[in-house]
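Here is the structure:
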């Protein structure tokens, strides 16, 4: 009997010990979980802070503003929160634009190029005279400037020469192919013909504005002008503004002018900027003229000039814009007449079995590609010729002077 009692009293003690051990283990597990959660939260907080600091360093905001933004609470959505991110991106964009206009555009190098010695332009006396005249025009516009005498021969020099235009005249070009290789290839969005076609309504009235010397309104950062140098007749020059031949020029110009376009849209103006060519549309001719006046006034206030011969300043329902004839009375768009003539001139050269130069094939394919949105089945009629080029061009290792034998299918598809 005493043994039974003894056993009976020992059982609760053992259970109590087991419960205590279980509680201790559970506490340890919970504490471990809390420690892990705390570590994850700290790591996430550090990552968010690091990303915020990186974003703010490139924002152009003052140090006081950066300090405030850095301490904003994190709501788990985006970097600062959905609404804050959207607003801050707009402010950052405007800050970037203001910095460019005020201080100049810094070339986006992925790595700095080596020094490139002056490269004289070898050309005829007639062409040399034309180059000298062009440089004088650029000097008068403030687009180029003389290189300081003590800096001559330093920096990056490119060839400056003349190339023929479509109308037979000559235009100067700064050969920046070497420099462009050292620049970042940054993506950006440009206006497309598809966007314009979707925005136009039947019966809309349109005008177009062409900006004169548009790129010359974007200054180059003084310390980066040394990379845009050239020589004409022993005279050393450097670009002080954005040159046309810089690979990043379309991007920076589009982003700067997007701020101007946004201001016009806030005034209710339906405007479509494509580099230096801008389209304005409205439901009646009086309204489109009123919007044209508001647009040109803002552009004049910003120092821009309108290239009147290339602009279409009379309200019209049929207008040429970015490679298409827009007709709002028919609700359609057409290829420009010159493009149709170019296609008609090239197609007869592509008969079955005929050997054609790669350059001519690419030229015709480019003309067809420009008609994809304008002509039904234009893409389909390109396929056989594309396949023909792909199969044979690879044998020439991309040589533009190579030749391609036109297949029967390709020649048949071109007859439409």
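In the UniProt record's numbering, the protein residues as written are 1 to 416.
All C-beta atoms in this analysis are idealised placements derived from N, C-alpha and C, irrespective of residue type, glycine included.
Inter-residue Cα distance where the pair is residue i and residue j
i           : j           : result
residue 264 : residue 317 : 22 Å
residue 250 : residue 181 : 16 Å
residue 407 : residue 385 : 8 Å
residue 141 : residue 370 : 35 Å
residue 413 : residue 127 : 44 Å
residue 292 : residue 244 : 26 Å
residue 326 : residue 202 : 11 Å
residue 336 : residue 235 : 43 Å
residue 286 : residue 103 : 40 Å
residue 148 : residue 108 : 24 Å
residue 91  : residue 130 : With a pLDDT of 49 at residue 91, under the threshold of 50, the predicted position of this residue should be treated as unreliable, and no value is reported.
residue 329 : residue 348 : 34 Å
residue 296 : residue 383 : 44 Å
residue 132 : residue 98  : 34 Å
residue 298 : residue 255 : 17 Å
residue 188 : residue 346 : 34 Å
Residue j beta carbon less than 9 Å from that of residue i
i           : j           : result
residue 372 : residue 252 : no
residue 207 : residue 280 : yes
residue 195 : residue 272 : yes
residue 226 : residue 158 : no
residue 237 : residue 135 : yes
residue 105 : residue 275 : no
residue 219 : residue 199 : no
residue 173 : residue 162 : yes
residue 120 : residue 153 : no
residue 246 : residue 183 : yes
residue 393 : residue 404 : yes
Paired residues, beta bridge with residue i - DSSP
i           : result
residue 230 : 237
residue 270 : 281
residue 210 : 277
residue 175 : 159
residue 116 : 156
residue 316 : 206
residue 146 : 237
residue 321 : 324
Option nearest residue i by Cα separation, candidates the options
i           : options               : result
residue 290 : 302, 205 and 129      : 205
residue 374 : 392, 163, 356 and 321 : 321
residue 167 : 338, 410, 388 and 383 : 338
residue 114 : 179, 359 and 146      : 179
residue 381 : 364, 355 and 393      : 364
residue 424 : 257, 295 and 248      : Nothing about residue 424 can be reported from this structure: the residues present for the chain run from 1 to 416 only.
residue 124 : 257, 233, 98 and 139  : 233
residue 231 : 353, 367, 156 and 165 : 156
residue 401 : 175, 360, 379 and 187 : 360
residue 288 : 416, 223 and 314      : 314
Cutoff 9 Å: residue i Cβ touching any chain B Cβ
i           : result
residue 316 : Included in the structure is just one protein chain, with no chain B present.
Cβ contact (3+ pairs, closer than 8 Å) linking the stretch 304-317 and the stretch 211-226: yes
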